[in-house]
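Below is one structure, written out as structure tokens; the observations come after it.
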Amino acid sequence: MEGGVRLSRAAWPAVALLLAAASIGAWWAMGPQGAPNWGWEARPSRPFEDAWRWWTAAVVHVNAAHLQANLWATLVVAAWGWTARVGMPQALAWLLAWPLAQALLATDPGTLSRYAGLSATLHAGVAIVCWQLLWHGQGARRAVGAAVAVAVGIKLALEVPVFQAWWSGRPAVDQALTPLPDAPGHVLAGHAHGCGVWAGLMAAALVDGIMGWLKHRSHRRIP
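Position 62, counted from 1, in the sequence shown is what the working numbering calls 61; the numbers after and before it change by one each time, with no gaps.
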């Protein structure tokens, strides 16, 4: 029993490790030309033409600083899930949200011409843990989930166009919020991050529903 619990808890950091390793591998294979010229980035205006980009877009990065920032963020999300004690179902939801986050970019194709990077998928991971704590946690765990959810909501609000002037003049933040050279403003990252959060919530709800159905079905079979 304890071995199964440990294995379930290890699933979340395993997904984080997969994302990090895929990003490092893609960077090594990509060479100096950069993601915009490599052809693996997401293209929201043509989401179903090359659906494989839903996976590849998350693991390609524009430059070393972009990659390093997302690798550190991956470590933070891995630690967030580990301390929240999420298990195999949440790890499966994160895997499901990986392509879904990029697919949802097509909901506003005029906002974004291309997208690359882990940030949308990482936002999905944060949202999945929040969902778990809010719906299945109690007491302090639920309060922590609510606090992080509010913080994420504020972050997304600050990334909408009305706050662009507030962010202007900060190169480090601009780099993080506008990872692609042809990105026409900070709204691009805000849209991608929002898509990541929605993808995480949708994936978490779906997995929760499936797990609940399986549990109900197994109880009905018990004589």
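Each residue gets a CB set at the ideal place from its N, CA and C atoms; glycine is no exception.
The Cβ atoms of A119 and V59 lie no closer than 8 Å to each other. Pairing G199 with I23, the inter-Cα distance amounts to about 23 Å. With contacts defined by Cβ atoms closer than 8 Å, A10 and I127 do not form a contacting pair. If you draw a straight line from the Cα of L17 to the Cα of V151, it is about 24 Å long. Note that the C-beta distance between G144 and G136 is below 8 Å. The beta carbon of T73 sits closer than 7 Å to the beta carbons of A15, L18, A19, L117, L121 from its chain, once the five residues preceding and following it are set aside; these are given in chain order. Comparing C-alpha distances from L104 to each of M210, A13, S7, G193 shows the shortest one belongs to G193.
When C-alpha distances from P12 are compared across G80, N69, A41, the shortest belongs to G80.
DSSP, reduced to helix, strand and coil, places A41 within a strand of the structure shown. Following the DSSP letters along the chain, one finds V143 inside the alpha helix (DSSP H) bounded by residues 139–157. Distance from the CA of V76 to the CA of E48, rounded to the nearest whole angstrom, comes to 31 Å. Proximity to Q67 across P43, W26, M210, A83 peaks at W26, based on C-alpha coordinates. Within the same chain, and ignoring the five residues on either side of V85 in sequence, the residues whose Cβ sits closer than 8 Å to its Cβ are R8, W11, I127, V128, Q131. Between S44 and the set V149, E158, A156, S112, the nearest pair of CA atoms involves S112.
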